[in-house]
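Protein chains in written order, with the working numbering: chain E, 6 to 100; chain U, 8 to 422; chain W, 241 to 1220.
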């Protein structure tokens, strides 16, 4: 597979390490009254769709960027690649 | 028809015209006591449900052809060499069922216990192997710790001299081995069919009938089917199917590639695994080297993988046993693995009454087929877990009871 | 020896002779020959035995689809089983042996299977061999295994080298037949960066095998001219002997180039190269493979595909027979008769299943229309055929054509489904094989030469236009008109003998019928039950006829019956090629520590630690056992001072205004209060609350920290920190860089460590000025910048000193020199391990991904007063049970006994089973200080059981030791030494 890195251009997926669903960015609030259950859902439960999937890849053999890759899990077609930091900010992290 | 050498003789002399279909091809009835979705582990579950638990009115619904899922796409290894107390007795139970399977089913699925050796390459790996080997012995299984001299006798072709990670020994389970994978599902299907189980191929489950938190049946591509209890055993498709019941699972689907070489005269003594990379290999009765390694590592339902993994697996093979360099890889294929969050499976009730789930087998489900089927049948029949599968609960992550053989945490692609 | 079947013509060099041997028999051939053509030229028709029935077999095809002619090639470690004689290039001295027979090819005792064939029908083994139970593994299976399999591996390490490479192009053209050559020329002339690959050593595809002419010259000449022009273009790479074997995601292809397989010796050059090709566009011009017709006795030697028979004649000047017959259901078979007649060979008859084919043959050849071959005779070669009307013809070769199947494998590797094209009675690629992939020529069902040339050129021009290049249409080459009519015909129903489909695996029509009878009706079932198409040829000539027969049995269309899934590789690929150079010592990179050279000179024994090589111990003269060295190193360190290279620990430089906040979130214990110039031990959890890693972090400045991780987790922790920084807390001002390789770091441990270091360090490092857990920049030897940390893994007064890596080796020497007066020793990982066990520090065996902070006795370190990774889920119920495992120390009650890691704990008198299992011993060592074996281990409720006795059972090694539970800190539990 080829991942089109937003800063570096097309790179072989073998340069990257895979983590999983983009929802791993949405780490719950540790002070939440139901923190244990929310962390459980956050860490363990996944949508796991057959189709479009937003997922985290790390450019380990490269510039160390974490990326959010939108990829079809049936065809492996990559539709979009973003820097995870920007995606995280857009998802409301850091507020 | 009971299979025997006598029958083969008789049929052979009469043109083999008298063999009967191994199973009927019924259309689904409007209602059953038990509907099992998926004809891999589900086929075994149906058999034990009918045979051991004396249940009647059972249907197995299979989306494709019998054995089209992971039962027919694996590297055929059986073993009971686990570490965790929640796992090892279960896999040993499975091993015992394998050992009597052919006589039980009157079908030769070629259970071949030629042993499995897990080669290790460092002192810490030896310590871990010793801990595991002892756990195996305490569960009633067999295990031996081989030093390099023992290993040289069993597998003189390993790279002892020039290895990047020198071989220090191996954990050896003599009862480990391989089984002809397709024949397992065919054997169960034939035996289950004979007990009256309806096996319905090319019948995809498209939804569940759920009322007030109770599952009363399924919608299928061949129409609705009512059911007293519904069991889902669909491996790589677990998330897709259970989503139709509104259930999210601690599972990711990944692709695992497997490989077979051209046919060769016998070269390997049993199953061999590499401890300094990921590579496992055995040789089929037909002579092909059957081998595999890591999953590709990304979520996928594609049933095919990519080249870097192929290379990585072959690198492991050549590092461990460089004599295979001139053997040719004949076929590679991919299966969809239901990778769970701790690498261990689930055989459990769900939040929906009457709906039961069996899955999360990662890429180790084949060896579990008999025990998984048996325990699933027990769960369906009695609405409570079989003793050896009692820890395979869906709520274990909430409770913090992890069954993580590899110790890598909630990272499915590493299990 | 003469070559009795060599006739005139062909693309071989008759001026040179090549000697080779088959089963020890000397023969000669010519450059340009394949082994198959040379064998045929020498009159060798019997070349192998089939897999199951050990039937005598001959050469069936002229290409990579060959099911029969498999040989063991070369000798010794170079021996290569299952080599298809039809693609092996002849070289001087080639040695080939036939396979799968006992004792010889001519007389094979295993052929008794053939007599037993009524009892060995498809799947017979599933129905028997079950009694008595024990006999399967002891008797039946070994016999089955020995008779199955084909070639033999040498069992010697492959002596050849393999390489890997990467290629990039705009357009990858796969196949250099008429379509591929036309396409590559059109695109190449327009300036497109083209790679054209062909599995053959001679570009041209079927042009080399046919007698057709293009623009008035022989097709092979036209192909040679095309190839020469392609070779001359800078933007085109024309790769011969290269098989594109797999299509992968996003335009990536796998290909194998055979570099030295056609030579007698590889002479140090790589045997094969695995290419990963990145192509913007791809054009599949892989042609088509001829298929057989099933009729009685159709497996005899010299029953051959019609295209192969004329191929041997046209390309190699070899007459497969002196009196041949052609049996066909399509027009192409007639060409074989024409070519043979033209060469002056005797053509007994053309037998066409069609009543009224619209094709005409050579004038004087008998046409037998609407007839079928029902039987053959001959043992080691065909001698006669019998037709449906009873006519019997004596022949020495039967050329068969059942039509052609496009080689669409590559278009289906991504699981696209082919479509049935009635016009050519074949599966052709589906409408949209893959993004960026197109097809042209015979693979697309375009079975005339004119059609292939046109389609190729159009595709080449189309690609050029897509890349924005002008590509004028050229005048198409002129070729003779030809027909490609076919009426599907699969199986001669009136044949009474067995009708083969899969020649290698011995699958006959009866097996397909049995499969259907027993309920195995899907093509996948058919394949798995009968083993159809699972042989080394992957059923290239057999699958379509077989599934057509299944379709007629089930009464469904061929299209609906479908094919099995096409998967890589297109043809089998050597495992060595896929591994490349990553084998032996080059399997993975080796990382050396900065003081490796020094340690090597000192005679150190090294051990693998991940990819690192670390000194394990440093033997001195007179020491004959590793324990002597390790004991000495421990004792010397604890009594005076020892030095150890600890560079392999991960080091992460952390800077930024929010670095403190960041650390406080990634460590489970508090870091908010760490002062500048101080170090703190830190415990890191995974988000699931399991202990992940431990190490120390030093605060070098207000916004500057350096973290150490364990060697094993260096990469993982860094990845995790980058995740936390970029994804979890993107608002923090914090920056990370790995400096593991930037700094050489040495532990200097022992009561004299301060005295030693004082000689080298400019700054005051007295206990007062530089107390336990102090850190700071220092100057070494008056000029070298360094960092000093007062931390201890051994439990002694100890420091770790870091210098830029380039000083590492001399730093080690300098430290040792300065330590001479203290009898300083270097110590390796074994002594390090012994000392950490004596001190009760957890290491890899304890931080194994299963254990919690609570298990490790560090439960109180996990702060619940801050947000940090892992603390929420570490609170889960089952991870906090009252009798949770605790890390404890263990010593044998009988001090003479030895503890062993991996033993499990049981209460005395209880049965040794899983229910009674209380924990396990994770690490064990001989303590030279205490003079007995000690261990660390996890045991239920351990903290409340100090002084109790348990059984450490290790039946795997036949050991059982009664052990006392003690504090894990065997030595100096109050920590007085390290603070001294």
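Don't be surprised by glycine CBs; every beta carbon is placed ideally from N, CA and C. Remember, predicted model here, so these are calculated numbers, not experimental data.
With distances taken Cα to Cα, identify the nearest neighbour of residue i among the options.
i, options, result
"residue 734(W)", "598(W), 511(W) and 534(W)", "534(W)"
"residue 165(U)", "328(U), 224(U), 256(U) and 43(U)", "328(U)"
"residue 680(W)", "702(W), 906(W), 959(W) and 662(W)", "702(W)"
"residue 415(W)", "434(W), 407(W), 1037(W) and 399(W)", "434(W)"
"residue 444(W)", "904(W), 429(W) and 420(W)", "420(W)"
"residue 77(U)", "245(U), 326(U) and 333(U)", "245(U)"
"residue 394(U)", "122(U), 247(U), 286(U) and 92(U)", "92(U)"
"residue 145(U)", "97(U), 36(U) and 317(U)", "97(U)"
"residue 510(W)", "406(W), 608(W), 400(W) and 1173(W)", "400(W)"
"residue 741(W)", "956(W), 933(W), 713(W) and 775(W)", "775(W)"
Please return the same chain residues whose Cβ sits closer than 7 Å to the Cβ of residue i, not counting the five positions on each side in sequence.
i, result
"residue 1225(W)", "Nothing can be reported for residue 1225(W): it is not among the residues displayed for chain W, which extend from 241 to 1220."
"residue 495(W)", "437, 482, 483, 484, 485, 515 and 517"
In chain U, what lies closer than 8 Å to residue i by C-beta?
i, result
"residue 19(E)", "315"
Once the 5 residues before and after residue i are set aside, which same chain residues still bring their CB inside 8 Å of it?
i, result
"residue 292(U)", "117, 119 and 187"
"residue 220(U)", "358, 359 and 360"
"residue 822(W)", "828"
Take residue i and list the residues in its own chain whose beta-carbon comes closer than 6 Å to its own, dropping the five residues that flank it on each side.
i, result
"residue 1091(W)", "931"
"residue 938(W)", "919, 946, 1015 and 1029"
"residue 794(W)", "761"
Name, please, each residue of chain E whose Cβ falls closer than 7 Å to the Cβ of residue i.
i, result
"residue 404(U)", "45 and 49"
"residue 417(U)", "48 and 49"
Give the residues of chain U in contact with residue i, contact being defined as C-beta atoms less than 9 Å apart.
i, result
"residue 52(E)", "246, 250 and 255"
"residue 369(W)", "12, 109, 115 and 117"
"residue 762(W)", "71, 72, 73, 75, 208 and 209"
Under the three-state reduction of DSSP, which class applies to residue i: helix, strand or coil?
i, result
"residue 378(W)", "helix"
"residue 942(W)", "coil"
"residue 1149(W)", "coil"
"residue 367(W)", "helix"
"residue 426(U)", "This structure does not reach residue 426(U), given that chain U is present from 8 up to 422, and the question cannot be answered."
"residue 1082(W)", "coil"
"residue 836(W)", "helix"
"residue 14(E)", "strand"
Taking all protein chains shown into account, do 16 or more other C-beta atoms lie within 10 angstroms of the C-beta of residue i, making it buried, or fewer, making it exposed?
i, result
"residue 375(W)", "exposed"
"residue 411(U)", "buried"
"residue 142(U)", "buried"
"residue 31(U)", "exposed"
"residue 167(U)", "exposed"
"residue 489(W)", "buried"
"residue 290(U)", "buried"
"residue 1133(W)", "exposed"
Output, in chain order, the set of chain W residues within a Cβ distance shorter than 7 Å of residue i.
i, result
"residue 99(E)", "969, 970 and 971"
"residue 81(E)", "489"
Closer than 8 Å by beta-carbon distance: list the chain E residues that pair up with residue i, in chain order.
i, result
"residue 1113(W)", "41, 44, 45 and 48"
"residue 520(W)", "Neighbours of residue 520(W) on chain E: none; closest Cβ ~10 Å, over 8 Å."
So which residues on chain U does residue i lean against when the C-beta distance must stay under 7 Å?
i, result
"residue 55(E)", "247 and 308"
"residue 23(E)", "304, 305 and 420"
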